[in-house]
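Report on the following structure.
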Amino acid sequence: MSILMLVPTDARLDLFLAGCKKRTRQLNAWALAVGMGWVLVMMCLTTLDVAGRYFFSRPVPGAIEMSQFMLAVFGILGMAYTHGIGANVRVTLFTGRLPRRPGLWIKAVTDLLSLQMVSMLAWYAGIMAVEEFTGGTTTDTLAIPIYPLYVLLAVGAFLLALEILTDFMICLVGAARGSRGQIFNDAVKG
Amino acid sequence: MDPHTVGLMGIAVLFLLLILGMPIGFALAFVGFWGISFLTDISVAMPAMVRSFFGTFTTYSFTVIPLFVIMGELATVSGLSQGIYEVADKWLRRLPGGMAIATIGACSGFAAICGSSVATAATLGRVALPEMKKYNYDIYLATGSVAAGGTLGFLIPPSIGFVVYGILTEQSIGKLLISGFVPGFLLALTYALIIVFWVMHRPLAAPHNPQRVLFKEKVLSLLKVWELIVVFFLVMGGIYFGFFTPTEAGALGAFFLFVVTLFRKKLTWKALVAAMTATTKVSVMIFIILAGAYVFTYFMALTMIPMELSMWLGKMSLSRYFILAVILVIYLLLGCFLDATAMMVLTLPVIFPTIVELGFNPIWFGVISVLMMEAGLITPPLGLNIFIISGVAEVPMEVVFKGTFPFLLAIFVVVILVTVFPQIALFLSNIMG
Chain S
6 MSILMLVPTD
16 ARLDLFLAGC
26 KKRTRQLNAW
36 ALAVGMGWVL
46 VMMCLTTLDV
56 AGRYFFSRPV
66 PGAIEMSQFM
76 LAVFGILGMA
86 YTHGIGANVR
96 VTLFTGRLPR
106 RPGLWIKAVT
116 DLLSLQMVSM
126 LAWYAGIMAV
136 EEFTGGTTTD
146 TLAIPIYPLY
156 VLLAVGAFLL
166 ALEILTDFMI
176 CLVGAARGSR
186 GQIFNDAVKG
Chain F
4 MDPHTVGLMG
14 IAVLFLLLIL
24 GMPIGFALAF
34 VGFWGISFLT
44 DISVAMPAMV
54 RSFFGTFTTY
64 SFTVIPLFVI
74 MGELATVSGL
84 SQGIYEVADK
94 WLRRLPGGMA
104 IATIGACSGF
114 AAICGSSVAT
124 AATLGRVALP
134 EMKKYNYDIY
144 LATGSVAAGG
154 TLGFLIPPSI
164 GFVVYGILTE
174 QSIGKLLISG
184 FVPGFLLALT
194 YALIIVFWVM
204 HRPLAAPHNP
214 QRVLFKEKVL
224 SLLKVWELIV
234 VFFLVMGGIY
244 FGFFTPTEAG
254 ALGAFFLFVV
264 TLFRKKLTWK
274 ALVAAMTATT
284 KVSVMIFIIL
294 AGAYVFTYFM
304 ALTMIPMELS
314 MWLGKMSLSR
324 YFILAVILVI
334 YLLLGCFLDA
344 TAMMVLTLPV
354 IFPTIVELGF
364 NPIWFGVISV
374 LMMEAGLITP
384 PLGLNIFIIS
394 GVAEVPMEVV
404 FKGTFPFLLA
414 IFVVVILVTV
424 FPQIALFLSN
434 IMG
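Protein chains in written order, with my numbering: chain S, 6 to 195; chain F, 4 to 436.
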């Protein structure tokens with residue numbers, strides 16, 4: 006508890022945290038913008054593939070592999086955004102009834118555990134990207150290198166980790182100081 | 004420490020983390036990761052976790068999830084829901100509680116192009132609730148029928164519930180989707196019967212609408228929803244006759260609705276971005292839960308708990324229907340607290356081997372579990388459809404809970420019917436191409 010008393014009490018900390026949240030939101034929005042449109046490309050590609058197969062007996066070569074890549078870009082780049090807007094399903098039956106500060110403490114703990122898991126995911130996805138790059142693994146039909154997907158996973162998990170880290174800091178400061186700003190209210194709602 | 008103890012401790016920690024509000028996907032991955040590390044080594048757990056996430060985001064058959072989701076989003080943007088409701092109203096309005104039955108009919112129609120119960124409830128709620136309010140329908144009946152009707156989105160194909168079940172249990176997604184068709188229709192019919200009984204018991208709940216509709220007018224109204232009929236036959240007919248895989252059918256359905264929305268001049272940039280954002284949100288939420296589930300399932304496999312539990316239950320001299328009943332009660336209880344996808348992910352790794360060991364058909368059990376998940380969507384305190392309808396109708400949640408209560412009975416009736424007569428769920432999938 007004594008360490009937490011060292012948390013600064015001036016408004017600059019609130020501003021700093023609000024700035025962190027704003028930056029992570031911007032990053033997430035950019036990642037989302039890059040990723041989300043691929044669902045439409047997947048839709049068109051698969052339609053073309055089916056039409057090509059039935060009408061011209063010529064399916065699009067490597068359509069499945071390309072769809073896999075598109076799914077990866079679509080999904081991985083959407084991870085941080087999805088978490089940021091609180092869309093990751095969680096049970097709020099107990100935490101929703103808690104007073105504000107205990108709620109923030111518990112949220113800080115679960116954020117810390119999530120952060121540990123996601124950071125390790127980002128780090129080890131990076132290591133596996135290097136391994137795949139060195140091994141020269143490629144897809145079967147189009148011979149596309151696999152390692153960029155691991156790089157993407159490392160980047161997506163890193164963005165997610167940043168989002169969780171920001172939430173963790175906000176919850177910790179909010180719990181320690183009992184702050185009542187908007188970002189703390191948002192944080193406790195998850 | 005022996006693997007069983009570690010496994011049981013892992014399950015206990017998982018439930019603790021869930022109660023503390025940790026996102027379900029992260030909690031599964033966290034417990035799975037540390038469980039694997041404890042039983043083997045961290046050098047095994049690290050690649051297992053990365054491969055689980057990597058596999059989830061790069062498996063071709065999983066593309067069906069965003070494609071089904073965007074189908075529903077585009078159907079909403081295209082404004083088809085209004086047309087569906089008008090058609091259902093013209094055909095069904097003269098029945099007792101006609102507008103509420105029309106709501107169920109419209110929900111069934113919308114569910115045939117949308118895989119999400121929440122989207123079905125929200126979309127039809129906006130259309131049907133003001134109409135029922137205009138005709139002084141009882142608020143319990145009005146909100147209850149929309150919230151319950153919304154659950155059909157989870158059962159009538161294309162259904163995200165069946166896709167997730169198929170992925171988790173490695174069953175044919177096509178067969179599962181087809182198997183949901185007749186039980187979905189049966190459930191809609193049972194919902195309608197509940198409304199009829201409700202209105203017979205309390206006639207003031209649904210004032211009679213005396214306005215006649217000519218048969219010609221009814222038939223002509225179908226033209227308003229020709230797109231829906233085409234897309235349903237394209238998607239489900241394609242899967243049934245073996246022309247397309249579910250992923251291909253999803254892409255074709257979404258593409259068709261994209262073109263329809265474009266021609267109806269409803270596809271603004273803002274609407275398209277909103278549809279894509281919602282698709283990302285829903286799909287990634289499911290992907291993260293699935294990725295976490297893979298890590299957790301790996302851990303469970305190491306503990307041998309699912310296999311030994313299924314063998315133990317298989318050797319017991321209890322009736323397999325008794326064990327099934329216990330499983331269904333567990334589902335009903337979990338449904339009160341958990342989201343449907345999360346419930347599947349948490350229970351199937353343990354329950355599915357038991358179901359197979361007891362000799363139940365896995366496709367049939369898929370239908371039964373999806374029906375039970377539907378019940379979870381309208382049971383207090385965490386029924387997702389209740390929240391949605393409470394927001395749309397601007398009434399307290401208690402009102403919607405009370406309104407949906409009789410409809411739970413319909414779900415139980417269908418579960419019993421499908422259990423006693425499994426062919427209700429299986430005959431279509433048994434003869435499919």
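We put the beta carbon where it would ideally sit given N, CA and C, even for glycine.
Non-local C-beta neighbours of residue 147 of chain S in its own chain, meaning closer than 6 angstroms and more than five positions away in sequence, comprise 67, 70, ordered along the chain.
In this structure, DSSP gives residue 383 of chain F a state outside helix and strand, which the three-state scheme calls coil.
DSSP places residue 110 of chain F inside the alpha helix (DSSP H), whose first and last residues are 101 to 114.
Straight across, the Cα-Cα distance linking residue 73 of chain F with residue 355 of chain F is about 29 angstroms. By the C-beta density criterion, residue 240 of chain F is exposed, having fewer than 16 other C-beta atoms within 10 angstroms. In chain order, 254, 258, 261 make up the part of chain F whose C-beta sits under 9 angstroms from the C-beta of residue 49 of chain S.
A distance of 9 angstroms or more separates the beta carbons of residue 55 of chain F and residue 373 of chain F.
For residue 161 of chain F, the three-state secondary structure derived from DSSP is coil. Counting of Cβ neighbours within 10 angstroms places residue 322 of chain F among the exposed residues, the total staying below 16. For the region 114 to 131 of chain S, residues whose beta-carbon sits nearer than 9 angstroms to a beta-carbon of chain F comprise 114, 115, 116, 118, 119, 121, 122, 123, 125, 126, 128, 129, 130.
Any Cβ of chain F closer than 9 angstroms to the Cβ of residue 191 of chain S would place that residue at the interface, and such an atom is absent. Separation of residue 98 of chain F and residue 327 of chain F (C-alpha to C-alpha, rounded to the nearest whole angstrom) is 37 angstroms. Here DSSP, grouped into helix, strand and coil, assigns residue 143 of chain S to strand.
Excluding five sequence positions before and after residue 252 of chain F, the CB atoms of its chain that fall closer than 6 angstroms to its own CB belong to 238, 241, 242, given in chain order. Under DSSP, residue 150 of chain S forms a beta bridge with S:143. Chain S places a beta carbon closer than 9 angstroms to that of residue 288 of chain F, counting this residue as a contact. In the three-state reduction of the DSSP assignment, residue 403 of chain F falls in the helix class.
Taking a Cβ-Cβ cut-off of 7 angstroms, residue 92 of chain F has no neighbours in chain S, whose nearest Cβ is about 32 angstroms from it. In this structure, F:164 is the residue among F:368, F:164, F:396, F:412 with its C-alpha nearest to the C-alpha of residue 285 of chain F. The CB of residue 92 of chain S comes closer than 7 angstroms to the CB of 284, 288 in chain F, given here in chain order.
From the beta-carbon of residue 50 of chain F, the residues of chain S found nearer than 8 angstroms are 129, 133. Here DSSP, grouped into helix, strand and coil, assigns residue 211 of chain F to coil. Between residue 352 of chain F and residue 399 of chain F, the gap from beta carbon to beta carbon reaches 9 angstroms or more.
Closest in alpha carbon position to residue 134 of chain F, among F:383, F:88, F:249, F:78, is F:88.
The residues 120, 121, 124, 150, 153, 154, 380, 381, in chain order, have a CB closer than 7 angstroms to that of residue 388 of chain F in the same chain once the five nearest residues on each side in sequence are set aside. Residue 174 of chain F carries a coil assignment under DSSP once its states are collapsed to helix, strand and coil.
Using a C-beta cut-off of 8 angstroms, the region 189 to 197 of chain F makes contact with the region 410 to 420 of chain F, since at least three inter-stretch Cβ pairs fall below that distance. In chain order, 80, 81, 82 place their CB closer than 7 angstroms to the CB of residue 269 of chain F, counting only its own chain and leaving out the 5 sequence neighbours on each side. Contact between residue 109 of chain F and residue 131 of chain F holds, since their C-beta atoms are separated by about 7 angstroms, short of 8 angstroms. If you draw a straight line from the Cα of residue 56 of chain S to the Cα of residue 46 of chain S, it comes to about 15 angstroms.
Taking 7 angstroms as the cut-off between beta carbons, the residues of the region 226 to 254 of chain F near chain S are 247, 250, 251, 254, in sequence order. From the beta-carbon of residue 292 of chain F, the residues of chain S found nearer than 9 angstroms are 93, 94. Judged by pairs of C-beta atoms under 8 angstroms, the region 157 to 170 of chain S touches the region 124 to 141 of chain S, as three or more such pairs exist. Under the Cβ distance rule, residue 183 of chain S does not count among the residues neighbouring chain F, no pair being separated by less than 9 angstroms.
Contact holds between the region 76 to 89 of chain S and the region 31 to 41 of chain S, because three or more Cβ pairs, one in each stretch, are under 8 angstroms apart. For chain S, the residues of the region 331 to 351 of chain F that bring a beta carbon within less than 8 angstroms of one of its beta carbons are 340, 341, 342, 344, 345, in chain order.
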